[in-house]
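Protein chains in written order, with the numbering used here: chain A, 29 to 127; chain R, 114 to 823.
The beta-carbon is built from N, C-alpha and C at its ideal position, and this holds for glycine as well.
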Amino acid sequence: MLSIEVKDAVTITINLKMVNIHYSREILQQLEDVAREHEKKIILNLENVDSLDSSTITMLVEFYGYCKEIGREFMLINLNPFVKKTFEMLHLAKFFNIV
Amino acid sequence: MKMHSSSAMMILLCLLLTVTSAADARPRNMDPPAHSVILDKNQGMYPLGHHLFILEDTTGGMTIREASSAEEAKRYTLSKTDAPSFGFNNKNYWARFRIVSRLGQDEQWFLELEYPHLDRMDVYFRNAAGGYSMKRSGDIYPFDKREIKYRNFVFTIPVPRAEEQTVYLHFAGNCSKQFPMTLWSPKAFAEKVVKEKLLLGIYYGIILVMIFYNLFLYFFVRDRSYLFYVIYIASYGLVQLAYNGMAFEFLWPSYPGWHNISLPFLIGLAIVWMAIFTQSFLHTKEYTVVMHRLLLVVMGIGILVLIYSLVGNYLIAIQSAMILMVIASIVIISSGFICMMRGYRPARFFLIAWLFFLLGLLLIALNKLHVLPIMFITEYANQIGSALEVTLLSLALADRINIINQEKNAAQVAAIQAQEKYRLLVEGSNDMIYSLDEHWDFITANKAMLSYLKIKSESVSSMNFFDLIYDETSAAAVIKTLIEEKLKVFSSSREPLSLAVMFKSTIIDEPKEMQVRLECINIEGKNEILGKASGVEEDALTQFIDSEQQNITIGNFLMAAEDVSHRLTRNLKKFINQKQANLVRIALREIIINAIEHGNLDISYREKSEAMADDTYFKIIAGRRQDPRFRDRQVYIEYALTPMKVIYRITDEGRGFDHQRILRDNSRNANRDLLAHGRGISMAKNIFDIVQYNEKGNQVTLVKKFSKST
Numbered sequence: 029m030l031s032i033e034v035k036d037a038v039t040i041t042i043n044l045k046m047v048n049i050h051y052s053r054e055i056l057q058q059l060e061d062v063a064r065e066h067e068k069k070i071i072l073n074l075e076n077v078d079s080l081d082s083s084t085i086t087m088l089v090e091f092y093g094y095c096k097e098i099g100r101e102f103m104l105i106n107l108n109p110f111v112k113k114t115f116e117m118l119h120l121a122k123f124f125n126i127v
Numbered sequence: 114m115k116m117h118s119s120s121a122m123m124i125l126l127c128l129l130l131t132v133t134s135a136a137d138a139r140p141r142n143m144d145p146p147a148h149s150v151i152l153d154k155n156q157g158m159y160p161l162g163h164h165l166f167i168l169e170d171t172t173g174g175m176t177i178r179e180a181s182s183a184e185e186a187k188r189y190t191l192s193k194t195d196a197p198s199f200g201f202n203n204k205n206y207w208a209r210f211r212i213v214s215r216l217g218q219d220e221q222w223f224l225e226l227e228y229p230h231l232d233r234m235d236v237y238f239r240n241a242a243g244g245y246s247m248k249r250s251g252d253i254y255p256f257d258k259r260e261i262k263y264r265n266f267v268f269t270i271p272v273p274r275a276e277e278q279t280v281y282l283h284f285a286g287n288c289s290k291q292f293p294m295t296l297w298s299p300k301a302f303a304e305k306v307v308k309e310k311l312l313l314g315i316y317y318g319i320i321l322v323m324i325f326y327n328l329f330l331y332f333f334v335r336d337r338s339y340l341f342y343v344i345y346i347a348s349y350g351l352v353q354l355a356y357n358g359m360a361f362e363f364l365w366p367s368y369p370g371w372h373n374i375s376l377p378f379l380i381g382l383a384i385v386w387m388a389i390f391t392q393s394f395l396h397t398k399e400y401t402v403v404m405h406r407l408l409l410v411v412m413g414i415g416i417l418v419l420i421y422s423l424v425g426n427y428l429i430a431i432q433s434a435m436i437l438m439v440i441a442s443i444v445i446i447s448s449g450f451i452c453m454m455r456g457y458r459p460a461r462f463f464l465i466a467w468l469f470f471l472l473g474l475l476l477i478a479l480n481k482l483h484v485l486p487i488m489f490i491t492e493y494a495n496q497i498g499s500a501l502e503v504t505l506l507s508l509a510l511a512d513r514i515n516i517i518n519q520e521k522n523a524a525q526v527a528a529i530q531a532q533e534k535y536r537l538l539v540e541g542s543n544d545m546i547y548s549l550d551e552h553w554d555f556i557t558a559n560k561a562m563l564s565y566l567k568i569k570s571e572s573v574s575s576m577n578f579f580d581l582i583y584d585e586t587s588a589a590a591v592i593k594t595l596i597e598e599k600l601k602v603f604s605s606s607r608e609p610l611s612l613a614v615m616f617k618s619t620i621i622d623e624p625k626e627m628q629v630r631l632e633c634i635n636i637e638g639k640n641e642i643l644g645k646a647s648g649v650e651e652d653a654l655t656q657f658i659d660s661e662q663q664n665i666t667i668g669n670f671l672m673a674a675e676d677v678s679h680r681l682t683r684n685l686k687k688f689i690n691q692k693q694a695n696l697v698r699i700a701l702r703e704i705i706i707n708a709i710e711h712g713n714l715d716i717s718y719r720e721k722s723e724a725m726a727d728d729t730y731f732k733i734i735a736g737r738r739q740d741p742r743f744r745d746r747q748v749y750i751e752y753a754l755t756p757m758k759v760i761y762r763i764t765d766e767g768r769g770f771d772h773q774r775i776l777r778d779n780s781r782n783a784n785r786d787l788l789a790h791g792r793g794i795s796m797a798k799n800i801f802d803i804v805q806y807n808e809k810g811n812q813v814t815l816v817k818k819f820s821k822s823t
């Protein structure tokens, strides 16, 4: 479901086309484990994700909060236009650090 | 003209014979008669072909006394060839030649008959008592009875100092009557034997090396052509050994009976294996059926020859073997040529090998016809030709293996590429693709399937297809039974099957409807079932729809929200773009889930947030669904599509909720407060033109208007 590459930063790639409530809790758990383990910047790569639902957005918001709590920088990369649009609709495009 | 010259020759011969018969009494200082062999100390070898006078013994019982009499002397005729030959027959022949010694001392010389298959040969020469001493040899006698233990028949002849004598020879038996004879000085004979052993040693060494090398290769590569080649050259080597008398000398010296019939037997055997090897090497069955059948005929005749040689007449057996050898050579070379012309690359070396063999025979023939002189290459043309043949055939085999390996490697690369392409297609598919054994246990599953089952690939074999079919409710259990019946019919009919199946979810105990297609396949002799499961198929009628209306009722299953939202948005593509349609689908799904969660199952935002944090969300959903207060509640969805807009009305049976507050609060607040809820309605508000709740808060109407720009 996730592939993790640790260099200067930790890059986590979600290998799912559609992320919804059935996966979001498990993903959150793994993201928190990785953030706890590595004291590095966390980059979430969404290049494989075609669409996501509100529970996934909630999961990302929660993870953002967690990163803030333990002092990790969190960044989203490679969002497709559809996913980007979802973020924009929910006023999250500026909330997250999206590259 | 021919008759005249023959008569003249006869007269001349008679005169000569008269002189010769009285020669023993002639004074020493007189000139020797014509055609005498005059032994000189400067020459060690005297071919006797043109010195022999030959007489056919028509009675078959002529004695030395009669053969050496003056009367019979007239009937002898002088040989005109190097190797007098009378073909295969059972006649008796007498021959004589005269030796005149100018050696200056008494010596013993060697008389050699270079044909080891003569049945019986007697040599008569004058003894001190004035009579004739006789020495006998032949291939009907055990080898160790020979005076000189050599592959050919060799006799010692006493040559008294400065004397003349006539030596008489008697040939008998049921065999080829050919008399290639040579008189050798002891030194010259020893030199000849040493040279010959060296060359024949090299020749048989090559044959042996080829046998062991190719036998080793056979065990290594397991290509039967190698085995056939080894047997062929082993039997061919035996033919050569038998033909030049070495087999009798070294392999079966005590079995003259076998030696006498071994040659046609071994020729038959070699031809059979030669044909088998040719078929196997050239793949004649694929490239030339006609030659394949001809080779079968050659094989059949070869077997008859070798059987006949054991029980039948030797003369017929050896003549049949010789004729068959010629026919087999023509058939084999033609096969090689045809296969080469039809594009079988290894046939090139095969053909070259056989051409070398034929070249050897051609050189011998040219030598016999006096076109070419006697020299090393003509003397050993047979051995040189056949050694080159077996070596080139071995190279041909290596070349063939190389070509096979190249083809195999290319096929492997293609197979790997095809496999990789297939893997990418299967692994990259959003559909679940899997294979099952005959007991419906999973063998393989692609990424989509593993992701759905939430298992690792190594655990897939522990899953059974029937375990995945949803049967939690009594209605579903009945459907599952019906599906099982269908699958049983599929197992026996093995006809491809498509059906809709409700699958269990591995995350929550909710069904998910999927279109399943099953096909029976056979992989490496094992029956397997190839399966594909995908979402509800797109409606082919979409392009023709202008308007439609549906009312759908669903239970409290989150998966149903996914399926229904997909079904109710799939026809939007005719009016809005795909991206917009996807956004509508996600927003609709959010609202339906809200109706289930917060409406029918009465889960508050706070409860949801806490459950999400505790990771007990799905447990709460499942618990509420079983709760008697909520379990009969349903969600009603009304849907209307027109060219102008799409309308959804979702009604739950809950007590309603404070939608005013949610509609008032925007997602910014949820983001700011890092809330775990409240974004579904925000998404709907962004996507739909109208999001309107009823007073009670258990019904929401969503309207999306279509404009030309969308």
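- Boundaries of the alpha helix (DSSP H) harbouring R/Leu376: 369-395, taken from the DSSP string.
- Residue burial annotation: R/Ala528 is exposed, with fewer than 16 other C-beta atoms found within 10 angstroms of its C-beta.
- Of the other Cβ atoms in all chains shown, 16 or more fall within 10 Å of the Cβ of R/Val280; this residue is therefore buried.
- Linking R/Glu710 to R/Phe770 through their CA atoms gives a straight-line distance of about 11 Å.
- In this structure, the CA atom of R/Ile733 is about 42 Å from the CA atom of R/Ser820.
- When only Cα atoms are considered, R/Tyr457 and R/Val402 end up about 14 Å apart.
- Here R/Trp297 is bridged, per DSSP, to R/Met158, R/Phe223.
- Shortest Cα-Cα distance from R/Arg406 to any of R/Ile420, R/Phe743, R/Thr391 involves R/Thr391.
- R/Tyr535 has no beta-bridge partner at all, per DSSP.
- For A/Asn106, the secondary structure class from DSSP, reduced to helix, strand or coil, is coil.
- A/His50 counts as buried, since at least 16 other C-beta atoms from the protein chains shown sit within 10 angstroms of its C-beta.
- 8 Å or more divides the Cβ of R/Asp235 from the Cβ of R/Cys288.
- Contact note: R/Asp728 reaches chain A through Arg53, using a C-beta cutoff of 7 Å and chain order.
- In the three-state reduction of the DSSP assignment, R/Asn690 falls in the coil class.
- Residue environment: R/Asp219 is assigned as exposed (fewer than 16 neighbouring CB atoms within 10 Å of its CB, all protein chains considered).
- Taking all protein chains in view, the Cβ of R/Glu277 is crowded by 16 or more other Cβ atoms within 10 Å, so the residue is classified as buried.
- Between R/Ser564 and A/Met29, the C-beta gap is smaller than 8 Å, which places the two residues in contact.
- When the five nearest sequence neighbours on each side are left out, the beta carbons in the same chain lying within less than 8 Å of the beta carbon of R/Val306 are those of Tyr263, in order along the chain.
- Nearest CB-CB separation between R/Asn543 and chain A: below the 8 Å threshold.
- Taking every protein chain shown into account, the CB of A/Leu56 has 16 or more other CB atoms within 10 angstroms, so this residue is buried.
- The beta carbon of R/Ile704 sits no closer than 8 Å to any beta carbon of chain A.
- Chain order gives the chain R residues near A/Lys113 as Lys692, Leu696, where near means a beta carbon separation below 8 Å.
- Within the region 75-100 of chain A, the residues whose Cβ lies closer than 7 Å to any Cβ of chain R are, in chain order, Ser79, Asp81, Ser82, Ile85, Thr86, Val89, Glu90, Gly93.
- For R/Gln739, the enclosing alpha helix (DSSP H) has its first and last residue at 730-739.
- By the criterion of at least three beta-carbon pairs nearer than 8 Å, the region 300-316 of chain R is in contact with the region 149-158 of chain R.
- Around R/Asn799, the beta-carbon contacts reaching into chain A at under 8 Å are Met117, Leu118.
- A/Val127 carries a coil assignment under DSSP once its states are collapsed to helix, strand and coil.
- Contact between the region 422-435 of chain R and the region 448-468 of chain R is absent: fewer than three C-beta pairs spanning the two stretches fall below 8 Å.
- R/Glu675 is classed as buried because its beta carbon has at least 16 other beta carbons within 10 Å across all chains shown.
- Using beta-carbon distances, A/Ile49 counts as an interface residue toward chain R, with a partner under 8 Å.
- Against chain R, a Cβ distance below 9 Å from A/Leu44 picks out Ser564.
- Only residues of its own chain outside the window of five on either side were considered, and among them Phe256, His372 have a CB closer than 6 Å to the CB of R/Phe361, listed in chain order.
- Around the beta carbon of R/Leu311, fewer than 16 other beta carbons lie within 10 angstroms, which makes this residue exposed.
- When the alpha-carbon of R/Phe238 is set against those of R/Pro229, R/Arg249, R/His230, the nearest one is in R/Arg249.
- Taking C-beta atoms as the reference points, R/Ile634 and R/Leu612 fail to come closer than 8 Å.
- Taken through DSSP and simplified to helix, strand or coil, A/Leu80 comes out as strand.
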